[in-house]
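Peer 1: Following this message is one structure expressed as structure tokens.
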Ligand SMILES: Nc1nc2c(ncn2[C@@H]2O[C@H](COP(=O)(O)OP(=O)(O)OP(=O)(O)O)[C@@H](O)[C@H]2O)c(=O)[nH]1
Ligand SMILES: [Mg+2]
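Residue numbers (our numbering): 88 to 333.
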């Protein structure tokens with residue numbers, strides 16, 4: 088995990104403009120506002136790149152991203168939106184007063200950072216060797232006056248996702264894999280959830296979740312525990328403060 092942040096920080100340091108890659112299907116969950124603030128504080132440019140727009144309704148998406156300024160939506164799969172993105176990079180670069188613009192790519196896992204770097208590279212790019220000041224092995228791709236940092240920075244996923252969920256900035260109804268999140272909360276807060284529901288504290292958190300599901304009669308057809316429902320119920324109670332952290 089620590090290594091993740093090292094690369095994120097490096098990319099942030101070395102770039103003039105950061106492309107924050109966001110998944111069009113999950114905008115709030117895949118943006119990192121803490122990093123956005125850092126980028127702003129450092130006086131760097133930020134472009135929200137909403138990727139995988141082929142998977143959502145365009146009209147809805149346009150509404151959803153109105154407040155993300157500047158943003159460009161793209162599909163790396165369909166090579167859609169990249170001339171707009173290049174244009175936007177030039178505009179933001181000029182604002183910052185740079186002729187040669189160093190561009191870095193950041194984002195959560197699997198949002199499409201590598202695909203975006205590849206699409207931006209296109210056929211016009213040329214690889215350069217590392218420059219002084221750059222980590223050994225880190226390369227630049229030169230596309231006209233754009234120097235694209237070839238290594239994307241990946242935000243660590245789980246811990247800060249779980250933190251966001253714990254404080255309620257991600258709604259329990261929208262959480263993906265809520266059982267994994269609840270098990271993580273159980274690990275971080277030993278015994279708290281189990282005690283609240285009056286079940287045994289177990290090493291195997293999945294079994295503890297099953298115990299709670301049985302107790303609350305949250306079962307699927309066939310009588311198996313409904314882990315999704317029980318997890319969302321727990322997250323809801325956690326978020327509204329019914330279950331209290333000690
Ligand atoms: N439908 C669709 N799929 C995409 C798009 N861009 C990327 N993908 C898919 O999303 C997955 C992740 O893409 P990557 O480019 O590897 O994502 P990444 O952010 O570099 O992922 P990590 O390196 O694992 O952090 C792959 O299966 C891609 O094929 C897109 O615009 N549309
Ligand atoms: Mg990648």
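Virtual Cβ for every residue (Gly too), placed ideally from N, Cα, C.
Between residue 204 and residue 239, is the Cβ-Cβ spacing less than 8 Å?
Peer 2: What you label residue 204 is simply residue 117 of the chain shown in a count that begins at 1. What you label residue 239 is simply residue 152 of the chain shown in a count that begins at 1. Taking 8 Å as the Cβ cut-off, residue 204 and residue 239 qualify as a contacting pair.
Peer 1: Would DSSP call residue 241 helix, strand or coil?
Peer 2: The residue given as residue 241 occupies position 154 in the chain shown. Residue 241 falls in the strand class under three-state DSSP.
Peer 1: Is it right to say residue 118 is buried, meaning 16 or more other beta carbons lie within 10 angstroms of its own, or is it exposed?
Peer 2: Looking up residue 118 in the chain shown gives position 31. It counts as buried.
Peer 1: Could you check what DSSP says for residue 163 in three-state terms: helix, strand or coil?
Peer 2: By 1-based counting over the chain shown, the position of residue 163 is 76. DSSP, reduced to helix, strand and coil, places residue 163 outside both helices and strands of the structure shown, so it counts as coil.
Peer 1: When you compare only the Cα positions, how much space is there between residue 105 and residue 243?
Peer 2: As a working mapping, residue 105 is identified with position 18 in the chain shown. As a working mapping, residue 243 is identified with position 156 in the chain shown. Distance between residue 105 and residue 243, taken at the CA atoms: about 17 Å.
Peer 1: Our contact map puts residue 234 next to residue 190 with C-beta atoms below 8 Å; I'd like the distance itself, whole angstroms only.
Peer 2: Stepping through the chain shown from its first residue, residue 234 is reached at position 147. Stepping through the chain shown from its first residue, residue 190 is reached at position 103. Confirmed, Cβ separation roughly 7 Å.
Peer 1: Quick one: what does DSSP say residue 158 is sitting in, helix, strand or coil?
Peer 2: Within the chain shown, the letter at position 71 stands for residue 158. Strand at residue 158.
Peer 1: Buried or exposed for residue 182, going by 16 or more other Cβ atoms inside 10 Å?
Peer 2: Residue mapping note: residue 182 aligns to position 95 of the chain shown, counting from 1. Its Cβ having fewer than 16 others within 10 Å, residue 182 is exposed.
Peer 1: Would you report the Cα separation of residue 295 and residue 316, rounded to the nearest angstrom?
Peer 2: As a working mapping, residue 295 is identified with position 208 in the chain shown. As a working mapping, residue 316 is identified with position 229 in the chain shown. Cα to Cα, the separation comes out at about 14 Å.
Peer 1: Answer yes or no: do residue 164 and residue 141 have a C-beta to C-beta separation smaller than 8 Å?
Peer 2: Position 77 of the chain shown, counting from 1, holds the residue named residue 164. Position 54 of the chain shown, counting from 1, holds the residue named residue 141. Going by C-beta atoms, residue 164 is nearer than 8 Å to residue 141.
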